[in-house]
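For reference, the structure is listed below as structure tokens.
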Amino acid sequence: MTRPGFHFLVDVFLLLAFISHLMTAALVQFIFPKATEASGWQVWGLDYNGWAMASFGSLMCFTLLTLLHLILQWRWICNFVVSRWAKRTGRKIDLHDGIKTIYGVGMLITILSTMGLFLAIAEIQAVAPPAPSLEPVASQLDN
Numbered sequence: 731m732t733r734p735g736f737h738f739l740v741d742v743f744l745l746l747a748f749i750s751h752l753m754t755a756a757l758v759q760f761i762f763p764k765a766t767e768a769s770g771w772q773v774w775g776l777d778y779n780g781w782a783m784a785s786f787g788s789l790m791c792f793t794l795l796t797l798l799h800l801i802l803q804w805r806w807i808c809n810f811v812v813s814r815w816a817k818r819t820g821r822k823i824d825l826h827d828g829i830k831t832i833y834g835v836g837m838l839i840t841i842l843s844t845m846g847l848f849l850a851i852a853e854i855q856a857v858a859p860p861a862p863s864l865e866p867v868a869s870q871l872d873n
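Note that our numbering has the sequence shown beginning at 731, numbered continuously upward.
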């Protein structure tokens, strides 16, 4: 397979993953009631949790294919940014492929670290609902 053919194939799968995620997320959002009220509801044999997992799975496919797309286009992205920066500053800028790779890996590490920090803060600040009270059960036992 040629390089352009492979790029096209990745882009087709990327589009399919995006459409898949869009459809499953819309199904969970608009067809099912709120998660707390969705017990017993099913669409095509899957309940709310099943569709939520399908939505997350399609999101992960979309994310991985987007990452692959960016990796395949990284040289073009760097050349575009460097040429715009050079035009703005009026200086010629020459980056070797190794430096471009380091910038790409650094950007990926920054994005993943930001996501991890976001999730860590959310985990720390998550508030669980209060435990159910046992008083009504105790009053029923007294009767």
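From the three backbone atoms N, C-alpha and C, an ideal C-beta is built for every residue, glycine too.
Starting from residue i, trace the alpha helix (DSSP H) both ways and give me its first and last residue.
i       : result
Glu-853 : 827-855
Lys-822 : Run containing Lys-822: none; DSSP gives neither H nor E here.
Can you tell me which of the options puts its alpha carbon nearest to the alpha carbon of residue i?
i       : options                               : result
Pro-763 : Phe-738, Thr-831 and Asn-779          : Asn-779
Lys-830 : Ile-807, Met-790 and Glu-767          : Ile-807
Ala-782 : Ala-765, Gly-770 and Val-835          : Ala-765
Gly-735 : Trp-771, Thr-840, Gln-772 and His-799 : His-799
Ala-856 : Pro-862, Phe-848 and Ser-863          : Phe-848
Determine the contact status of residue i and residue j, defining contact as a CB-CB distance below 8 Å.
i       : j       : result
His-737 : Leu-802 : yes
Thr-796 : Leu-744 : yes
Phe-748 : Phe-792 : yes
Val-835 : Ile-823 : no
Assign residue i to one of three DSSP states: helix, strand, or coil.
i       : result
Leu-746 : helix
Leu-798 : helix
Leu-864 : coil
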